[in-house]
Each structure stands twice: as C-alpha cells, then as structure tokens.
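Just so you know, we're using this note's numbering here: the sequence shown kicks off at 695 and counts up by one.
For every residue, glycine included, the Cβ atom is placed at its ideal position computed from N, Cα and C.
Computed from a prediction, not measured in an experiment: that's the story for all the values here.
Data first, discussion second: the structure below is written as structure tokens.
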Amino acid sequence: MECSFNLHYRKSHATLLDVITVEQQPTKITSFRFLPDSRKLILILHGGDMHSYSLETEEVNLSSLERSLTQINGTQAEVEGSIEAGILSAEWSPDDELLALITGDEKLILMTSAFDVLSEASLHTADYGEDAPINVGWGSKQTQFHGSLGKAAAQEKPTSNVGSSPDDDRAPRISWRGDGSYFVVSAFFTPHDTGLPRRVLRVFDRHAKLQATMDPIPGLEHPLAWRPSGNIIASTQRFGFEGGGAGKSDRHDVVFFERNGLRHGEFSLRFKNTVDESASARKWGYNVRDLAWSSDSSVLAVWIEHEKGDTVQLWTIGNYHWYLKHEIISPTWGNSHSRFTSMSWHPEKSLCLHLTTHRAYRQRTYTWDASSSHSKPPNDTGSVAVIDGSKILVTPFRMQNVPPPMSSLQLDFVASPSLHPIQVPVHTAFCITKDVLAVLWESGFVEVWSLNTRLEQGYGPVMKPSQVWAGKVDSCSKARQIVAQEGPDNTLRLLILGVTDNGMDVLVDVVEGGAVNAKAPQSIGTRSGRLITTDSGILYQSATGEFCFSAQLVSASDTSDRIIVGHASPAKLYAAGHDQHVLLASNATSYTVGSGYIIFTTSAHECIFIPLSALPQLLEDAGKGEGKHPEWEKRRVERGSRIVVVVPSSMSLVLQMPRGNLETINPRPLVMEVVRQDIAQHNYRKAFLACRKHRIDFSVIVESNQEDFLENLPVFLEQVHEVDYINLFLTTISHGSLSPEVTTRVCDRVQEILSTIDLNKYVNTILTARVVKSPPDHEAALGLLPKLRSINPELVEEAVKYVIFLVDADKLFDIALGMYDFSLVLMIAQHAQKVTLLTRIYQDPREYLPFLRELRALETNYQRFKIDDHLKRYTSALKNLSLGGAPYFDEAKAYIEKHQLHEAALAIWRNTDQYNTVLELYGDWLFERREFRQAAAAFVEASNLPKAMVAYERALEWQELFDIAIRCDAKGEGIKDLAYRVAEELTAKKRYAEAATVLADYGKDIREAVIALVQGNHFAEAKRITSLHGRPELVKDVIHPGALESRSQLSDDLTEMRDQLRKQLNRIRELRIKKQEEPDAFYAAEDSNLANVDVMTDASMAPTAFTRYTVAPSMASRASKISSRSKRKAERKIGSGRKGTVDEEEYLLNSITKLVARFQTAQREAHGLLPFLFQFSTEHREEGLELQKEVSEFEEELLATLDDIWTKPKTDSENPDESNGDTWATRMEEIEKRRLIEPTAKITKPDLRKGDWRLRLFDVTGK
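This is the structure:
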C-alpha cells in the first residue's frame, strides 16, 4: 500500500432471513451463488448435485429477498444436474455466464449459466499450453560440451525434488481473472515417473483451452487468487522441508505468477505462532486457509488458521514493498475460540470485507487515511506515521522526504499476548499542539511517544523518540480509534473510541498518567461514528446525513464558528456548519486542511485549493439554495495522485503516486499564503527569498499594500541589501503586473533612498531604477555618468559597462548623441567598442569620429537639426531648424513635405510671418488625402478663398461654398453653373431635399427642384414649393406621375420581400424536420477521414470492470491535426449559409432579421406617400387603397412568420441532470451543448410592431 495511508473500518450487521435445509447426506457445499440475471440461488454440493432456487420477484432487494426465501423451504428445489464422480471445486466467472467445475475423477468441465456443457477434458495433461515458450537451447545444458560423458549426460533428465506442503488440503482450486477471459486451476498432481506429489497451476482461457502450465514450485500450497486487474496470480509457498522451497523452516511466502506461468515476486508472511508446534496438529502451528483480493486489486486478504482461532491479515503494496496494514482475529465465545467460515470482498465496494463465523456475520468497510500531524506553524513537522505490521514508520516531511518503504524513524513494537495479542496497531494519532504520537491496539493498549523532532538543519538524528506513557484501557473490549490533544495545565489527554463487551460504542477519556476521567466511559448515540473534538472537548457528529470516514474541524477566522470538513464515500467532500452543509466536490479522492486552504485531489487529476475564508459564504449560499461554486485555484497533478500531508512552514504539499513513490510540490496558493503573512509582518527578506525560489512575481510584494510598502521601503532595502537582489527586484516588477505609475513611484523612491545611503555601492542599482521604470529615463541614467566621473572616476567604466548591459549599446549611443553631449557619446562608443556591442557605423572609430567632427563644425541649431534628423526625431529636428531663422525656411518646407510634419509645423510657426504659407502647405496636403472639409478650413484660415471654394465643393459643404461665392462677387451665370453641379452631386448621394434647395435658391430652377423632391418622396415639400413660386402646372406634370411611380416601386419591393420570406420559411421548416428525424446526419462533422472508423469513442460508453483489457484505440484521445489556416477557414464558414450545413438555419434567421429592417423602411415610405395618394385623384386614391392593403397583408404575414420561427421548441435540456463531477465526459458534453445551441437562442427575435403608418380614411372609404 502507499506508504502514508492507514486503514479505518466500520462494522455492519446482517439479519438472518431463513435457513435452507438440504436433504442429501452427507452434505458439503462446494459453491453457493446468486445469479442476478436469472434471479436464482445456485447451490452446488460436493456429492455432485446442482440445485437452483428461483426468486420470483422482479427486483432483488432486502424485502423481496426476505419474502422469497420464506417460500424456499415450502417449494421443491429444482435439480439442474448431477455428476456421479462428485464436484471437488466450482467457480463462476465474474459475469456469471460460465461455470468451471473440477470433478472427482479429475476432469475439468465448463458450463454455461443454463448448465449446458461447453467443454469436458482431463485436468492433467503433458502439454504446456498454447503459450508454450520457444527454447532454442542457447546456454542450456544440452548444448554444452560434456567431455567423456558424451551425449548421454546432455540428455539426462534432472531429478526433481518438488513436493507439497504438509498443510495442503489437496483440494483443487479455481480462480477467474477479473474480466472473465481466463481462469487458473490449482490441482494436486503426482508424476507418473518419479517425484513427490505436488501442486500444479494451469491457466485456461474462456473456452477451457489450456494456455500455460506453471513450472513446478516446491512447497506450493492450495490458496489461490487471481488479482482482478489481471496482472498476477497469488498463492502461498512453504520452505524448509523435503519437497519444499530451499530456506528456513519458518519461512512462509505469498508468491505471485504471471498468466504465462513466469514467477513475479513474493513477500514473506509475518505471523507469530504462540503455541508449541509439537502440541499442534499443524506442522508449523498455523496454515494459510485462503487468499482474496479486493475488487480494486489494492488489498490482499490472507486467512490464517491457528490453534487459538483464525486471523485475517490485510496486505497492500507500495513502491514494490508489501505492508501489513491490519489484522482481524476471530471472535471468542466465552472461553472458546471461534473460527471464520468464509471470507470474501464485496464485488462493487472495493474495500468492503465480509466475514462469517458459525454464529455471526461481520462486514468491515475500510478507507484510505493519512495519519499525519496537523501542528500549527512554526512548530509544524509534517510528520506522517505508516503502519507496517508491528512497526510504525515515521517521517517528518518538513525536514526529510524519505522514499518509501524507508523512513526517518522506525518504532518496533513487540506483541504481548496479555496486553495486545494482535501485533498490528489499529490506529495512530498525532497531537496537534505537541510533537507526540499515540499508538492504539485493538485490545485497548496504548503507547504514547514524544518524537522530539529537530526543526532546524543540522547533524545527527532528525528524531529522538522517547516513550511518554504506556498502558491498557479496560473500559472497552475492542478499541478502534484514538485522538491525542493537549489538556489543561499542559497535560496530555487521550480520547479512545471503542466497543464494550455487549456491543455498545463507548468513548474513553484518559488523562496523562493513565487516569481515566470520572465521566468516562461515555455512550455515543450513533454507531460507527467519526471522532471529532474541539479544544473545549465538544464532540461533533455528521450533519450531512452521510458517514464521513475522515473529518477535520476548521475555522475560517479567529472569530468565526467552527466548520467540519468531511470526506464521505465514494468521493464526496462536504463542509458542514451548525445549520447547513454544502457539497464541495463529488470527485475528491483525497484531502487535507492547512495553510488556510482545503486542499483536495480529484479523479480528473487536479489539485484544488479552497480558501477557508470562503466556507461561511458557501454555507450561506447553500442555505439560500444557491449551489454554484466559484472557480477556485487549481493545478494539474499526476494521474492517481493522493495527498499525504501539507507542511505550511515549508510551503510544500507531499503527494503519493499510484506506484507508491512520493513527490513534494510547492503549490502557488501555499507559497502565496506564507509570502502574504511575511509581507504583513514586514519580513521582506523572507518573502523576497520565497518569491525568488518559487518563481513568484515580485510584484506581489508591492501589490499587497502599496502605500505601506512605499512607506517601509527603507526597511525593505535594509533587509534586502544585496545589489544583485535589488536589481532583480526592480527589473522583475517592471515587467510584472504593476501599472507604469506604481513602477515609476517605486523606482524613484528606491534611487532616492540609495543615493543618500551609498552612491558608490549602489550606482548600478540607481542606474537600473532609472532604466526600468515606465517610461524609461535613459537620459537621466546617462546623466549620472558625468556626475560619477567627477566624484569617483574609477567607477565610471563599470557603470558604463553595466548601462550597456541593461540597454542596447546602439540605443545608448543614440540617446547620448541626442543629449548633444559629445563627451558622453565618446564614452559610450569607446566602452561599447571594448565589448563589441555596437553593430552600426559606430563600430569603428574611423567611421564615427569623422561623423562627430562634421557635426561639431556646424552651427548650433543646424547641428542639433542634423543630430535629430539622424536619430529620426523629426519633430525636434524641425523645431531646431526653425530656430535657424529665415535662411533655412525653404529647407524647412521641403522637410515638412518629406516627413509630413504639417501639424507640428503649425505649432512651431504660429504667430510668425510664415504661418499662412505653412497653412497652405497643410491645406494642400489634406486635399491630396481627400480630406476636403479639413482642407477648406485650412485655406479659409490662410485667406486663400479660391482654394477653399474648390475644397468645399468637393466636400459637398454647399452652404459654406455659396457663402464664399457670394462674398467673392461671383456672377449670376457662374452661380447657376455652380448650383447645377452641386445639385447633381447631391442627387447622386440621394440628398434630394438639399439638391432641391440648391436648385431653387441658387439655380432658380423650380421644375428641377420639384423633380428632385419627388425622387426623394418629399411630396409635401414639393407641393409647398409649387404653391410658393406659383407653378401649379408642376403638380400634374411632375408630382402626380412621381407619386404613382413611388407606389409602383413600393409594390415591387413588397412582392420581392414576400417571395423571399416564404422561401426562407419553407427552408427553415425543412431543416427543423431533418434535425428532429435525423439528428446524427444533421450534426455530422465534415471529416471524411472518420467515415469508416468503427471504434467507439471514450464518451460513447461508460467504463466497466473489463475496460482495462480493451486494446482498441480511442479517437477521442488524439490531438487535433487541423492547421491554423483550416481553423480560420472553418470559422469563416459559420453563418455563411451554404446549403446543407449545420449553420444554414442561422444564416436564414439573420437574413429574415435584415428583411424586417427593410420592411420597416418601406412602412415609413408608405406613411409619407399614402396621404398624397388619397388627395391627388381617383386613380391615386385607388392605388393608395391597394398599397395600404398590400402593406397590411405583408405586415400580418411577417408577424405570424416571426412568431412561428422564434417559438421555443420543447426539449429535455431545460431540466439538466446534476453533474457527476468534473470529468472528461462532462466537459466534452458541455462543449457539445454549446456547439449545438439552437440558432433562435443565438439570434434575437426582431422587434416588429404594428406602427401608426396607415391612413384611416382609406379604411373608411374603402369599405
């Protein structure tokens, strides 16, 4: 078993329903099995008869089984068959479909569940089987040279001295593999030629074909058990006698074999025989009766018979070591010892053990439990105690991580028949406040040890244990659990949970020294309760209604109420308060509490951290019926990992892998919890080193409390005084999550403090602070170098090299050049050349020195212009060029045009004589960019009105255009020509009303103005203009025909919209019918590569006990091969509307939504047209009545279609089942649901209401 887990158990009781009497004498039952499919009890007798008892009820539960069994004695049992030779062994396959029998004449018979014989053959055969190995003889005796002895020596057969154990019952055994594909037979066999009688193991397949025969094993015994997982077959072997294995006479091993017959390891039993072997009927005083594996293959039960009764040992494996975890002795009745009559594991509950005696039935349910210390920092040791037979293996994980099965300390206890006859302790417990370990045996014997664990690194033993107290508690006959806690006056207090002689649960309170509290024993009202105590001694019981094998008492804060966190079977994690409880997870495999978190692993291979501070709110939400949990911090862990212990002081979490090896991790939540505590206590150095070690962003040191950190920054620099550490801190926060403003404040404060402490020591840090702040202040960093040269010239070279290390040398050269300090430029160039970091023209002094000389020779302003232009600082260069005066203005204009610095030039030449020239340049540039309105404003500002008019005309800003034209005294014909041009452009832009205004006001053409208004359906304005200007003939010539033309256009639009709506509605109905009738074809993925794949995916079937043997691959486990280009192409397909795709319906709904918007525009046009159709003439009135009717009919049809399309279909998805946990299948199901969401849920129904667009007079006169 894993090195850090113990076993706790609880007992259950059964009720005797009835007794079945068999008439055959003598009676010996070979097999008694219930077949759930046929609802029959099958009884197979040693004499050869096979009986069946039918249960007539539909369901097999306790009440129905009780009713059926009461009728069995009154009903004649049906005899299914009989074998004259008798039946020595019988075993059903795990799926109850096959029955393997071994008869008295040593035959193997395979039957179906209907007792039809499939195979019958002799059990013993000389064949090895179908899996016989091929041996070419290399290195064997037959291929060696034998000298004078010749070939006869090579062909001589070795003598065999393989025999059987004296304790062997000589009965055959059968054991099936967990998936029912194979079974193994262990039968007694006497060789014909020579040798002793011995046992032989043979493996058969499901069709009773021999697969393999094991090599002869000396001393092999009758126990036989095939591990359900299928990898090994278990049996036992004796040593130290004739025909037995070579070894000591008291050696007794459990041995393992593979399916092909090869040996696969062993371990020695640990059983102390307390009876004189000479006075025992057994050769060694005991023998192994049987072996049994738990259904999950994790625990092997060994049934041992001895003179004083029976003992069942439970063994587990971890890291290739077998641990003896528990011992169960048969009960005593008076002064006599009883024996177990059967031992079996529950087929579904993996750690549920069934035991029977002649007078009782017992069921024990176990669970994995880590016996670890939960001490508070800074005294937490992270100690874990592991039971291994009579030894307790203890390791303090704060100091050492010792790989199992090794440990830091071994406490070896010698069994005492008077004090604790069972060598294996039943429970261990650590004291929370002391470094004390309490060990409890089932007899009530207790030993308390002070471990004296060293908490600092050093030499010598990490633990120096000393026994504090040992004694036996007589108040209970069988103890099963112990809790150690510190009582008043620094005394140790032990609470022991056990059972009295009459079967009542009791709680015994023992104080230091062995004195039993006067109030003990205390009766407990619930059976098999979990012991949870507080500092006040209050006992808590489960509030969840489920038995929690493991529970801890936690507190969210110093002032909050206590909360119980419990782990119930199979994988539920609860938190319970006084009135409410909440399910935290339904897939938790292990958990612990520490460092302010509930930490648990899940079956999805994740480790999740729930803050204790969140528990009160979770309980409050549970009371309100709000069951959704927030997203907690998590991290992936190795498959099958379980939590061993959490060590808050070292910020570590110890996990155990399925094989048994350990792994220590430092989860971010645990590290952050310690870092926050250290920051709050101003232990900045400890927090800094923790962040550095565990790669935590140093920004958390600042973010925890910015103002407090800035105030205590001198304390931080005093504790973290190393230059490299401070530089690392500054560079890290500059790339972290801090805002640029906060980073700048920290850097400025750091350089301010360090400048006053020691400039020479912290010069590199000051340079770092100036460079890494946001934005970087490179000029200030370089400006420190001349100052440093005057103070300490020796440090200048190192400082320059460090700045070059921080910033690219070419960039530094440019910055220094941009500071117009040639001495600084030379300093950077010379030192950069030494480290060969310059990559441009400055790499060679013969290249950059002439460049610097040329610059020195220029006038100051022009020199700086050249430098800025070289550094591509064009705005600054233009400013310096402007300072040179008028001689450089032409060059400045060209520079403006070259680098498009028009707006910067306006700011530079404002309030100068050259300002209007710059404005014209700006206007021309805007005109070229087709920003006509902006260009016109620039030309107006520059008083260039002709250019402004051109720009306004191109921008169709006709009001400003005609204003300037009139102010410029334009002639009448010119104004009219301009008006016609502008009106034509406005009409092309469908700005009909503006075009009409221009034509009427400036073109003086009323007819063209009316035509423009009619084109835009502005009939009211058209009539007004004709009346205003006295042109009534235009009403009949222009307005009346225009109204009929608009009516005809609206009618055509309605017809087109109606045809589109009906086609799309019919297509939507077809798609929805196909979706309901053939959903697989409708949602099928367009991947032709998967067309002929018959392998079922992981999501298509639930895992079973046989899944582990499946060899077919799963498509769901393969990574997608789709390229990014294919993904983008697939995204573009969504909503494209290609016929036959899954997105076609969504495209159609979008199209109908656009159709509604188009119809609303038609309604507004009809609203403006209908009054005039009613007024103009009889023909117009008839057309208007028809138009109103058409619009109304289509409006009704469209409303009905929208209601039909957006009616929510009835589905079962509105009441989803509760989630079964965070598993791969549930996550994939959620993704599929999001993909297949109804299009009507994605696209909102268009809002179309019956508007007030109608003319009621049409409704009155049209009737």
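When beta bridges are read from the DSSP output, A986 appears opposite A995. About 5 Å separates the CB atoms of A1250 and L1309; that is less than 8 Å, so the two are in contact. One thing to note: S991 has its Cβ within 9 Å of the Cβ of G872. A straight line joining the alpha-carbon of F1294 with that of S1284 spans about 5 Å. Counting C-beta pairs with one atom in each stretch, the segment 1332 to 1340 and the segment 1057 to 1071 have three or more that are closer than 8 Å, which means they touch. DSSP places N1196 in the coil class of the three-state scheme, outside both helix and strand. P1090: member of the beta strand (DSSP E) spanning K1085 to P1090, first to last residue. Within the DSSP secondary-structure output, I1359 pairs in a beta bridge with L1347. A Cβ-Cβ separation of about 6 Å places V1365 in contact with I1390 under the 8 Å criterion. In this structure, DSSP gives K1172 an extended state, which the three-state scheme calls strand.
Taking the CA atoms as reference points, E1548 sits about 10 Å from Y1542. Only residues of its own chain outside the window of five on either side were considered, and among them Y1686, A1687, A1690, F1713, E1715, A1716 and I1719 have a CB closer than 8 Å to the CB of L1707, listed in chain order. In the DSSP annotation of this structure, the continuous segment of the beta strand (DSSP E) that includes W1016 starts and ends at H1015 to I1023. Residue state for Q1104 is assigned as strand, using DSSP reduced to three classes. Scanning its chain for C-beta atoms nearer than 6 Å, with the 5 sequence neighbours on each side dropped, one finds around I927 the residues V878, W920 and F951, in chain order.
Listed in chain order, the beta strand (DSSP E) elements of length 3 or more contained wholly in the segment 897 to 935 are 904 to 907 and 927 to 932. The shortest CA-to-CA distance from F882 to any of A1526, E999, L1842 and D861 is the one to D861.
Following the DSSP letters along the chain, one finds L1615 inside the alpha helix (DSSP H) bounded by residues Y1609 to E1622. Around the CB of E1585, fewer than 16 other CB atoms lie within 10 Å, so the residue is classed as exposed. In this structure, the straight-line span from the alpha carbon of E1314 to that of V1394 is close to 31 Å.
Counting C-beta atoms within 10 angstroms of its own C-beta, N1760 has fewer than 16 neighbours from the protein chains shown and is therefore classed as exposed. DSSP places P860 outside both helix and strand once states are collapsed to three, so it counts as coil. Rounded to the nearest angstrom, the gap between the Cα atoms of S962 and E1416 is 59 Å. Taking D1273 as the centre and dropping the five residues before and after it, the same chain places no C-beta closer than 6 Å to its C-beta. The C-beta separation of H818 from D863 comes to about 18 Å, leaving the pair out of contact by the 8 Å criterion. With a 10 Å radius around the Cβ and a threshold of 16 neighbouring Cβ atoms, H886 comes out exposed. Listed in chain order, the non-local C-beta contacts of A1694 below 8 Å within the same chain comprise I1700, A1703, I1719 and H1723, local neighbours out to five positions each way being set aside. Remark: C-beta atoms of V1167 and V1118 do not approach each other more closely than 9 Å.
One Cα belongs to E772, the other to S1084, and the distance between them is close to 51 Å.
According to the DSSP secondary-structure assignment, H1121 is paired through a beta bridge with L1134.
The segment 1339 to 1346 makes no contact with the segment 1299 to 1306: fewer than 3 CB pairs, one atom from each, lie closer than 8 Å.
Going by beta carbons, N1095 and V1331 fall outside the 9 Å limit. Per DSSP, the continuous alpha helix (DSSP H) segment holding L1424 begins and ends at V1417 to S1428. Exclusion of the five residues before and after G857 leaves L890, R892 and G937 as the residues of its chain whose Cβ lies within less than 6 Å of its Cβ. Considering only P1159, V1130, K942 and T1147, the residue with the shortest C-alpha distance to E1180 is V1130. DSSP places E952 outside both helix and strand once states are collapsed to three, so it counts as coil.
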